[in-house]
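Worksheet for the structure shown next.
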Amino acid sequence: MAPSNTPGPVRYELVVEAGPRRGDVISIDKPTLSLGRQLANDVVLPDERVSRQHARLDQTADGLYITDVGSSNGTFVNNALIQAPTRLQAGDVVEVGSSRLVVRVLTAEGPATLPPGAPMGADWAPSPPSAWPAPAPAAAEPSCPAPSAPAAEWPGAAAPAWVAPAAEPWPSAPAAAWGPAVAGPPPVAVRAGFGRRTAAYLIDALILFIPGWIVNQLTLQPAVQRLEQLSTMANPSEAEIGAAMGQVFGALFISTLIVWIGAALYYALGWAKVGYTPGQKLMDLKVVAADGRPPRFGRAFLRYVILYGLPWPVAMLTLWVSLVSILMVLGGEKRGLHDRLAGTYVVKRRAFEAGPY
Numbered sequence: 598m599a600p601s602n603t604p605g606p607v608r609y610e611l612v613v614e615a616g617p618r619r620g621d622v623i624s625i626d627k628p629t630l631s632l633g634r635q636l637a638n639d640v641v642l643p644d645e646r647v648s649r650q651h652a653r654l655d656q657t658a659d660g661l662y663i664t665d666v667g668s669s670n671g672t673f674v675n676n677a678l679i680q681a682p683t684r685l686q687a688g689d690v691v692e693v694g695s696s697r698l699v700v701r702v703l704t705a706e707g708p709a710t711l712p713p714g715a716p717m718g719a720d721w722a723p724s725p726p727s728a729w730p731a732p733a734p735a736a737a738e739p740s741c742p743a744p745s746a747p748a749a750e751w752p753g754a755a756a757p758a759w760v761a762p763a764a765e766p767w768p769s770a771p772a773a774a775w776g777p778a779v780a781g782p783p784p785v786a787v788r789a790g791f792g793r794r795t796a797a798y799l800i801d802a803l804i805l806f807i808p809g810w811i812v813n814q815l816t817l818q819p820a821v822q823r824l825e826q827l828s829t830m831a832n833p834s835e836a837e838i839g840a841a842m843g844q845v846f847g848a849l850f851i852s853t854l855i856v857w858i859g860a861a862l863y864y865a866l867g868w869a870k871v872g873y874t875p876g877q878k879l880m881d882l883k884v885v886a887a888d889g890r891p892p893r894f895g896r897a898f899l900r901y902v903i904l905y906g907l908p909w910p911v912a913m914l915t916l917w918v919s920l921v922s923i924l925m926v927l928g929g930e931k932r933g934l935h936d937r938l939a940g941t942y943v944v945k946r947r948a949f950e951a952g953p954y
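First residue of the sequence shown? That's 598 in my numbering, and the numbers climb one at a time after it.
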């Protein structure tokens, strides 16, 4: 038989550990709550990585469940992407965009606790009211109505109060597993300036020079040698000269395209996977999004295109965009056009990871 949509004898809360609403406590005060970026949701999370309608919380007789409703970036429970309605237990960690929400379970007599040695996310449910230790002396245990019921509906002379724990009693994932606990853009004090970023660029350019030179030797050099041979001939035909010139331009285009794609993957994969390229690591730099994590690959690739332009011959159209983007780093926010459009920040890695702010 399907579970009824009636809250059980416990009350659930979500403690926001990270994200735009860091420090808030969200009470699950009705059977179904919607989470998302739109103001029409029951729980509004103002975050660009959160979909307009992102997830749904259902409090049933069996417990609290969370369901992703087709969000773009997914919903995670204990660092695992959920694919179906997932039951939440005390101490579970829910990630929606940059927000990290810890599940807290309250009872009429105090906080529900995990059994000794139970890991976070274990398949454990609070004991039924009959198994709770009764206070001494105590009269008959009153039944607990839905959490949203007013105090006047409690049986007996007085209604027991929901009791929150004095300190977090449930295990939590190590801070290193979640990245810096920031609740918005990193402060200007830890953002990297123009000089250090330029030095990192020169190091990366030197690293990419060797594979680029090899590609040019394999693709462009044979076409150039053919053209040089024709120039030493006494009477080369126009057809031969035209074919040689076409071979040179074709080889130049192919060589440039291969080098551009290789450089794009070098930068975008480095930014998306760990937040830095080898040159940026040597200069103690890191590229992060507003939530303190490395940007997703799509944003990292967009950042590369804006900063370094497109391959020849289209590159001339984006040269001025690249130049303006680089010069904008000299501004007070230390963000170029590529950072603003990709939603990223370049920070001093050790100072940033030593947070919080």
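Just so you know, even glycine gets a beta-carbon here, dropped at the ideal spot from N, CA and C.
Subject >> DSSP state of residue 624 mapped onto helix, strand, coil >> reply: In this structure, residue 624 counts as strand in the three-state DSSP scheme.
Original post:
How would you write the range of the beta strand (DSSP E) that residue 701 sits in, first residue to last?
Top reply: Unbroken beta strand (DSSP E) run through residue 701: 696-703.
Original post:
Which word fits residue 621, buried or exposed, when buried means at least 16 other C-beta atoms lie within 10 angstroms of its C-beta?
Top reply: Per the 10 Å Cβ criterion, exposed.
**OP:** Within the same chain, show all residues whose beta-carbon is closer than 7 Å to that of residue 841, passing over the 5 residues directly before and after it, in chain order.
**Re:** Close CB contacts of residue 841 within its chain, under the 7 Å cut and outside five residues either way in sequence, are with 823, 824 and 827 (chain order).
Original post:
Helix, strand or coil for residue 611 per DSSP?
Top reply: If DSSP states are grouped into helix, strand and coil, residue 611 belongs with the strands.
Original post:
Quick one: what's got a C-beta closer than 7 Å to residue 938's C-beta in the same chain, skipping five residues either side?
Top reply: Correct list, in chain order: 899 and 903.
Subject >> Cβ contact (3+ pairs, closer than 8 Å) linking the region 806-813 and the region 830-840 >> reply: Judged by Cβ distances under 8 Å, the region 806-813 makes no contact with the region 830-840, as fewer than three pairs qualify.
Subject >> Three-state secondary structure (DSSP) of residue 690 >> reply: Strand.
Subject >> Cβ contact (3+ pairs, closer than 8 Å) linking the region 619-637 and the region 867-886 >> reply: The region 619-637 is not in contact with the region 867-886.
Subject >> Range covered by the alpha helix (DSSP H) that runs through residue 883 >> reply: Unbroken run through residue 883 is the beta strand (DSSP E), 882-886; no alpha helix (DSSP H).
Original post:
Distance, Cα to Cα, residue 943 vs residue 893?
Top reply: Cα-Cα distance, rounded: 15 Å.
Original post:
Under 7 Å, do residue 702 and residue 607 count as touching if we go by C-beta distance?
Top reply: The Cβ-Cβ distance between residue 702 and residue 607 falls below 7 Å.
Original post:
When the Cα of residue 864 is compared with those of 891, 611 and 817, which residue comes out closest?
Top reply: When only C-alpha atoms are compared, the closest one is 891.
Original post:
In the region 768-850, which residue ranges form an unbroken alpha helix (DSSP H) of at least 4 residues, counting only runs that do not cross its ends?
Top reply: Along the length of the region 768-850, whole alpha helix (DSSP H) runs at least 4 residues long occupy 772-775 and 791-829, reported in chain order.
Original post:
Could you give the C-beta distance for residue 639 and residue 652, rounded to a whole number, given that I count them as a contact under 8 Å?
Top reply: Actually they are not in contact, since the Cβ atoms of residue 639 and residue 652 sit about 11 Å apart, beyond 8 Å.
**OP:** Verify whether the separation of the beta carbon atoms of residue 802 and residue 880 is less than 7 Å.
**Re:** For the 7 Å CB-CB criterion, residue 802 and residue 880 do not form a contact.
Original post:
Whose C-beta lies closer than 7 Å to the C-beta of residue 649 among residues of the same chain, with five residues either side of it excluded?
Top reply: Excluding residues within five positions, the ones whose Cβ falls inside 7 Å are 633, 634 and 635.
Subject >> Rounded separation between residue 868 and residue 855 - CA only >> reply: Taking the straight line from one Cα to the other gives about 20 Å.
Original post:
Along the chain, where does the alpha helix (DSSP H) that runs through residue 896 open and close?
Top reply: Note, residue 896: alpha helix (DSSP H), 894-905.
Original post:
Which first and last residues belong to the beta strand (DSSP E) in which residue 656 is found?
Top reply: Membership of residue 656 in the beta strand (DSSP E) is indicated by the continuous run 652-657.
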